[in-house]
Amino acid sequence: MIQNDLFLKALNNETVERPPVWMMRQAGRYLPEFRALREKYDFFTRCKTPELASEITVQPIRIVKPDAAILFSDILVVPQAMGIDVELEDGIGPIIPNPIRSLKDIEQVRIPDINESLGYVMDAIDMTKEMLNNEVPLIGFAGSPWTIFCYAVEGKGSKSYDKAKGFCFSEPVAAHLLLQKITDTTIAYLKEKVKHGVNAVQIFDSWGGMLSPTDYQEFSWQYINQIVEALAPETKVIVFGKGCWFALNDMAKSKASALGVDWTCSPKNARYLTGGKITLQGNFDPSRLLSPIPTIKKMVHEMIDEFGKDNYIVNLGHGILPNIPVDHAKAFVEAVKEYGK
């Protein structure tokens with residue numbers, strides 16, 4: 001039995017004394033301990049070495065003390081496993097040297113054997129579970145098919161993903177073929193994570209907000225929903241779409257256990273759009289962690305008041321920034337733990 005099961009209770013719609021709290025990218029660059037490992041090992045070495053991935057996953061549990069751990073990895077290990085080369089350049093981010101630009105390219109993309117190509121992730125889960133020793137739940141994750149598609153076609157990060165969108169609109173048959181391949185791989189990948197003991201999974205749709213509501217249904221949500229349908233019988237599924245407030249009503253009708261909300265959508269609107277019943281997660285602006293500590297604590301308490309303490313998981317509206325002082329991250333978590341006392 002997990003000692004601190006607040007996170008799982010919130011996903012089960014149970015009444016809690018206070019909401020649980022964790023932070024997206026909590027195992028990351030704001031921690032000096034993480035930066036020390038970054039000096040020694042490049043990014044994908046850290047992802048692909050189970051001893052390093054598990055150590056990085058557990059760092060914030062020891063230091064910041066949130067109510068759940070999220071496995072240190074990256075959404076781009078999935079396209080790598082599918083035969084799409086991905087590199088990471090300092091100061092630039094992910095680069096795909098040979099982006100997908102044709103049906104012929106897509107036909108070369110494989111649906112991999114998960115244990116052969118991503119076994120190192122499963123080993124990291126096994127090690128992390130041992131290190132956590134049932135202290136808190138462990139979250140596994142994957143990128144949404146649309147978000148992976150964006151990187152694979154665009155070739156790098158972008159403010160607008162015009163190439164990815166243009167490919168969808170000019171070559172819809174080819175685009176849907178690639179999206180389905182990513183979906184099938186992601187389902188197999190997350191199911192394997194569940195077998196290895198993750199207690200919930202989150203789907204990150206980082207670039208869903210780039211699409212219009214109509215295009216979102218066609219090129220993103222229908223594929224996310226396939227993943228939700230496949231995983232919901234086996235585990236709790238959280239869907240987080242950045243900039244996707246317009247889809248919250250449809251998402252709330254799915255089998256997802258919780259929906260992430262970014263800071264552009266108020267708690268009141270999020271509750272209204274989702275019908276008031278599903279667990280919501282979010283939505284503190286990560287930049288707000290640069291505020292003075294008393295302000296952070298006051299704003300966190302106000303946020304919980306607005307969302308309500310039940311059917312709610314406190315989180316940021318996106319990943320924690322690398323320039324956040326550790327004391328401010330701790331204050332965010334402490335504010336939640338102090339709530340209602």
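Be aware that the sequence shown starts at 1, since it is given in the working numbering, and climbs by one per residue. Positions of the beta carbon are idealized from the N, C-alpha and C atoms, including for glycine. Keep in mind that this is a model prediction, so the values were computed, not measured.
Check                                                                                                                                                                          : Outcome
Verify whether the separation of the beta carbon atoms of Val153 and Phe167 is less than 8 Å.                                                                                  : yes
Does the stretch 48-57 come close enough to the stretch 84-91 that 3 or more CB-CB pairs lie under 8 Å?                                                                        : no
Measuring straight from C-alpha to C-alpha, what distance separates Ile95 and Cys150?                                                                                          : 12 Å
Would you kindly work out how many angstroms separate the C-alpha atoms of Thr235 and Ile63, rounded to a whole number?                                                        : 28 Å
Can you name the residues that DSSP bridges to Tyr223?                                                                                                                         : Per DSSP, none; premise fails for Tyr223.
Between the stretch 108-127 and the stretch 190-206, are three or more C-beta pairs nearer than 8 Å?                                                                           : yes
Closer than 7 Å by C-beta to Leu177: which residues in its own chain qualify, once you throw out the five before and the five after it? Chain order, please.                   : Ile106
Kindly provide the ranges of any beta strand (DSSP E) runs that are 3 or more residues long and lie completely inside the stretch 87-147, ordered along the chain.             : 87-89, 93-95, 138-143
Going by the DSSP bridge assignment, what does Ile313 pair with across the sheet?                                                                                              : Gln281
Could you give the residue range of the beta strand (DSSP E) that holds Gly241?                                                                                                : 236-241
Assuming contact is defined by CB atoms lying nearer than 8 Å, are Leu8 and Ala258 in contact in what I supplied?                                                              : no
Distance, Cα to Cα, Arg25 vs Leu321?                                                                                                                                           : 8 Å
Just confirm the distance between the C-beta atoms of Ala69 and Leu132, as a whole number of angstroms; I'd bet it's less than 8 Å.                                            : 6 Å
Pick helix, strand or coil for Gly260, following the three-state DSSP scheme.                                                                                                  : strand
Which residue from Asp205, Asn98, Glu17, Asp310 puts its Cα closest to that of Lys242?                                                                                         : Asp205
Quick check on the DSSP output: the alpha helix (DSSP H) that includes Ala53 runs from which residue to which?                                                                 : 50-63
Write down every uninterrupted run of the alpha helix (DSSP H) in the stretch 151-193 whose length is 4 residues or greater and which is fully enclosed by it, in chain order. : 162-170
If you draw a straight line from the C-alpha of Pro97 to the C-alpha of Asp310, how long is it?                                                                                : 46 Å
Leaving out the 5 sequence neighbours to the left and right, which residues in its chain are closer than 7 Å to Val228 when beta-carbon positions are compared?                : Val237, Val239, Ser254, Lys255, Ala256
Beta-carbon within less than 7 Å of Lys161's beta-carbon, same chain only, minus the 5 sequence neighbours each way: which residues are those?                                 : Note that residue 161 is Tyr in the sequence shown here, rather than Lys. For Tyr161, where only same-chain residues beyond five positions count, the Cβ hits under 7 Å are Cys150, Glu154, Trp207, Met210.
Between Gly197, Val198, Asn199, Ala252, which has its C-alpha nearest Ile224's C-alpha?                                                                                        : Ala252
From the DSSP output, which residues share a beta bridge with Gln202?                                                                                                          : Phe141, Ile238
Just how far apart, CA to CA, sit Thr15 and Glu338?                                                                                                                            : 17 Å
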